[in-house]
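Every number in the working numbering is 16 more than the matching position in the sequence shown, counting from 1. One structure is given below, encoded as structure tokens.
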Amino acid sequence: MTQKNHYQGLSDAQVLESRQKFGNNTLTSVETEPLWKQFLEKFSDPIIMILLVALVASFGVSCYEFIAHDKGGHVFLEPIGILFAVFLATGVAFYFEVKANRQFKILNQVNDEILYKVIRNEKVTQVLKNDIVVGDIIILETGEEVPADGELLEAISLQINESSLTGEPMVYKTTNPEEFESEATYPSNYVCRGTSVVDGHGIFKVSQVGDRTEYGKVFEGVQIDNSIKTPLNEQLNKLAGIITKLSYGIALLVIIGRFVVFFSNSANSQIEWIHFWGYALNTLMIAITIIVVAVPEGLPMSVTLSLAYSMRSMMKTNNLVRKMHACETMGATTVICTDKTGTLTQNQMKIYDIFFNKFSSELEGKQLISESMAVNSTAYLDFSDKEKPQVLGNPTEGALLLWLDGQGTNYLPIRENTPIVNQLTFSTERKYMATLVKSPVLNKIILYVKGAPEIVMDFCYDSNNEFLSEIHRADFESKLEQYQSQAMRTIGFAYKVIDNENSIISENGKLTVKGLNFIGITAISDPVREDVPAAIEECMGAGIQVKIVTGDTPGTAKEIARQIGLWDETCNEQNHISGTDFATLSDDELSKKLPHIRVISRARPLDKARLVNLLQQRNEVVAVTGDGTNDAPALKAAQVGLSMGDGTSVAKEASDITILDNSFTSIGKAVMWGRSLYLNIQRFILFQLTINVVACLIVLIGAFLGTESPLTVTQMLWVNLIMDTFAALALASLPPSSSVMKEKPRERKSNIITPAMAKIIFGVGILFVLLLFGFVQYFKHTDIYTLTEFSVKDYFVNFFNFNQVESGLSAYELSLFFSIFVMLQFWNMFNAKAHHTGKSAFNNLANNKGFLFIAVIIILGQVLITTFGGVMFNVTPLKLVDWIIIILSTSLVLWIGEVVRLFSKK
């Protein structure tokens, strides 16, 4: 291999010593939890936990019924049903997350088996990235990724893409102290692992490897434990506490009521203690049953199904959700912290505008410009993807070739057909590039020069000090000022016909030719993604703050913010902060400034993570977007981390959602899905807790009146489990509504049950209880065999009739009561669908095929259960006319709801 005499490198013994002292160049991998542990985590949900308590209580009641009362095995259907609900809810969540993680691993394959040129034992050799040690001397070429951190020994026209760490796509590196950039995020003579060489070449000495590199520190930050609960978890915790207290309270009232009835009936006779203890035990079983009934078995099912449905649907909108909770948490987001490069911009330099000289021949001028761009360049285009050519080499030079391609001109034939006589490559010292060619366009020897416009224009004066251009220099300078105020990179072009190809064009690396003709200038930028301004407007309209955190210069960062609509005429320096100032301020000082900050420039990798933590301390719900390694700590710390599909593996590993199409619009869709999902969960809570209130109050009233509940355990199983599961499916499958984006984010500390919901739950619940209690009283005092015999007058007469001798409820009457109870809830499901929309329950109903299908299933299921349930469900078949009467009469629940919504809207 090539001998390098001026660098000896490490000897084999020194390599072993360095490895022992500083370690290998490997990163400590993120340990994934075993599948069994991931599954058990699903049981930490607060509602699941109280469901497990209810399961134990229900099993105890069933054992008591089976042993003490010699009931059949069907008494165990209730605990079996609860157990089924628990495993279905946890199983669905586990399945979808495991499936998403497998998709993620396929998306995120990383190959570290890369060889690098290293000087060891005074010779150039090749070693794997992981075998590089501190002290190694690495030779870097264009296109290579930097394998470790280190100080440059040589840098020839070296340009580094630091976007993965700082957000800057091109940073000039040099070993000349006079050219060091004082505001650079990392020193100008220092290169970092994970960045890549876009132009030039260099040699550096490794100073840090593995976890101690800047990349490694960020990677380690990914593994920081995030103990912040999601808003949904916090709200379900509150709901679980409320349900527990209410169920215990109602259970206590049942015990008090039954003992009051017992002692009042025994006031004139001696108490039989054996009977008393039997009655007390039965009372305890009823109280436990109340607790079981009060627990909404369908709620975790609804939450899980809603999340799973959204998770699957969001995948269709290019959102790969890895953590199921992220679907809903996006809807609670109050702040989005985003990087710039690759997220807001396309991460590909392109010509924004051109300002060229006038030519006597338009064709000749076009050919001259094309030849200048194609030949006086070291970049290439990769056309493997015909729709999106990739730049190989300097991204600024690549932008010129992309522009030519957009004009229908292929640079490669021009370059191949134009022999190069001499060339001065671009360097940061010269700030220009010059190429002498035999031009097929003019059939002459032509010198092309491109570079910093101010420098190139200095070569364009004749002996009379006249600027050689049809356009005055002042006009070009005015245009330059306009471009630079928009944070764009500018390139100037010039040419000259040379008489002799043997002419000397340079001395000591400097161009010596004068009297060039100035062609013009181009403005180059990393353009904003087309969808971003509208997406930013949508997020801000939804009450979400957007903050840009980037390693770019203040001018570039603010200009991008202006282009996307985040920075306007009302903004001033209180809306911007540099990374240096950010680091010097205390947490308290920063916390006061945070509401005003829209742009953070020159940010270092851990600045964004600190920003996220400070925002969370202010009770903000934070989503972070990013595609670079520098974004990983913030992605991990945020409630929701959103990585880009073509981002680094570290960024994707730290995120909860990966935006496959790299589109900021997908983030707006995720917010819409999250808010709609939360609304669907609220709809189901509204629906199910109304049922639970009705069931609990019926049992409570029965306890004080000394009568048994007209609903059997198996009937309650149908209502509380099967029907609720179907309702969960129906309400979970409701499509998202764009109207939710017109609202402000909900308060993080708010209850999932709003005051309006509580009024509906208890208001409708009490109305249903009174209606059903009236039916119990009516059926007790009147024997009917069809609802055609029903008398409204007798219904109200018997409502408060507690003195007449009761005839009890026949099997047919119990079946009528059971079906009326179910159908009241069925129609109330339509009211729940319309909750918070201000629209009719029939709005868009034809397109909600899933909802309609499940509605039909519920009615058919109720008919089948009543017709064929027999002894197990304590039912008997109903006449067709009774079914018609029940369905039509209970539909009043929906029609009354429609009237209320109509007048509320007005």
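Ideal Cβ placement from N, Cα and C applies to all residues, glycine included.
Notebook entry, point to check: First and last residue of the alpha helix (DSSP H) that includes F957?
Noted result: Only positions 17 to 922 of the chain appear in the structure, and residue 957 is not among them; the question remains open.
Does D86 pass the burial test, meaning 16 or more other C-beta atoms within 10 Å, or should it be called exposed? Sixteen is the threshold: since fewer than 16 other Cβ atoms of the shown chains lie within 10 Å of the Cβ of D86, the residue is exposed.
Within the same chain, show all residues whose beta-carbon is closer than 8 Å to that of L496, passing over the 5 residues directly before and after it, in chain order. Cβ within range, chain order: P469, E470, T506 and I537.
**Report entry** Separation of A573 from Q500, as counted between CA atoms
**Finding:** The C-alpha of A573 is placed about 13 Å away from the C-alpha of Q500.
- State the Cα-Cα distance for the pair Q24 and V134, rounded to the nearest angstrom. Straight-line Cα distance between these residues: approximately 11 Å.
Task: Continuous beta strand (DSSP E) assignments of at least 3 residues falling wholly in the region 136–203 - done: You should have 139–144, 153–156 and 165–177.
query = Is it buried or exposed for I352, if we count other Cβ within 10 angstroms and need 16 for buried?
reply = Classification of I352: buried, given that the 10 Å Cβ count is 16 or more.
Taking Cβ to Cβ, would you say N864 is nearer than 7 Å to V909? Going by beta carbons, N864 and V909 fall outside the 7 Å limit.
Can you name the residues that DSSP bridges to C353? Partner(s): K563 and V640.
### Task
Would you kindly work out how many angstroms separate the C-alpha atoms of M327 and M340, rounded to a whole number?
Their Cα atoms are separated by approximately 7 Å.
According to DSSP, V785 sits in a beta bridge with which residue or residues? BP columns for V785 are empty, so no partner.
Margin query: Assess contact between the region 666–675 and the region 372–381, defined as three or more Cβ pairs (one per stretch) separated by less than 8 Å. Is contact present?
Written below: The region 666–675 makes no contact with the region 372–381, as fewer than three CB pairs between them are under 8 Å.
Looking at Y231: is its Cβ nearer than 7 Å to the Cβ of T645? Between Y231 and T645, the C-beta spacing is below 7 Å.
(request) Give the range of the alpha helix (DSSP H) segment to which Y811 is assigned. (result) Residues V808 to V813.
Worksheet item: Does the region 628–639 touch the region 653–663, meaning 3 or more C-beta pairs lie closer than 8 Å?
Response: Judged by Cβ distances under 8 Å, the region 653–663 makes contact with the region 628–639, as three or more pairs qualify.
### Task
Grab me the residues of F919's own chain with a C-beta within less than 8 Å of its C-beta, minus the 5 sequence neighbours each way, in chain order.
Answer for F919: no residue qualifies.
- Query: Using a Cβ-Cβ cut-off of 8 Å (strictly less than) and excluding sequence neighbours within five positions of V879, which residues of its own chain qualify?
  - Reply: Taking V879 as the centre and dropping the five residues before and after it, the same chain places the C-beta of W899 closer than 8 Å to its C-beta, in chain order.
Exercise for the section: Over the uninterrupted alpha helix (DSSP H) stretch that includes T596, give me the two end residues. Expected result: Annotation for T596: the continuous alpha helix (DSSP H) segment containing it runs G595 to T600.
Does the beta-carbon of G424 have 16 or more other beta-carbons within 10 angstroms, so that it is buried, or is it exposed?
G424 comes out exposed.
What three-state label does DSSP hand L408 in the structure shown? The answer is strand: DSSP assigns L408 an E or B state.
8 Å Cβ shell around S400 - same chain, five flanking residues per side excluded:
So the qualifying residues of the chain are Q406.
Does DSSP put N40 in a helix, a strand or coil?
DSSP places N40 in coil when its eight states are reduced to three.
Are there 16 or more other CB atoms within 10 angstroms of the CB of A310, so buried, or fewer, so exposed?
A310 is buried by the Cβ-count criterion.
Checklist line | Chain-order list of residues whose beta-carbon lies under 7 Å from that of L99 (same chain, five-residue window excluded) | finding: Within the same chain, L71 come within 7 Å of L99 by CB-CB distance, once the 5 residues on both sides are set aside.
Open item on the list: Am I right that T882 and M839 are in contact with their C-beta atoms under 8 Å? What's the rounded C-beta distance?
Closed with: For a cut-off of 8 Å, the C-beta gap from T882 to M839 is around 11 Å, too long to register as a contact.
Item to complete: Determine, using beta carbons only, whether G508 and V472 come nearer to each other than 7 Å.
Response: Contact: yes.
Alpha carbon to alpha carbon, how far is N481 from Y511?
Those two C-alpha atoms are separated by around 17 Å.
ask   = Beta-carbon separation of L658 and L336 under 7 Å?
value = In this structure, L336 does not lie closer than 7 Å to L658 by Cβ.
Discussion item. Considering only DSSP beta bridges, list what Q439 is partnered with.
Written reply: Beta-bridge pairing links Q439 to T451.
Report the residue from P570, W583 and E575 whose alpha carbon sits nearest the alpha carbon of G3. With the chain represented from 17 up to 922, any question about residue 3 goes unanswered, as that position is not in the structure.
In this structure, does DSSP put I507 in helix, strand or coil? In this structure, I507 counts as strand in the three-state DSSP scheme.
task = With distances taken Cα to Cα, identify the nearest neighbour of A639 among P621, P611, I673 and S607.
result = Cα-wise, what sits closest to A639 is I673.
Open item on the list: My assumption, with CB atoms under 8 Å, is that V544 sits in contact with Q579. Please give the rounded CB distance.
Closed with: Yes, they are in contact, since the Cβ atoms of V544 and Q579 sit about 5 Å apart, within 8 Å.
ask   = Helix, strand or coil: which one does DSSP assign to D28?
value = DSSP places D28 in helix when its eight states are reduced to three.
Would you list the residues sitting across from G536 in a DSSP beta bridge? The secondary-structure analysis by DSSP pairs G536 across a beta bridge with F372 and F509.
Per DSSP, cross-strand counterpart(s) of M660:
Beta-bridge partners assigned by DSSP to M660: I675.
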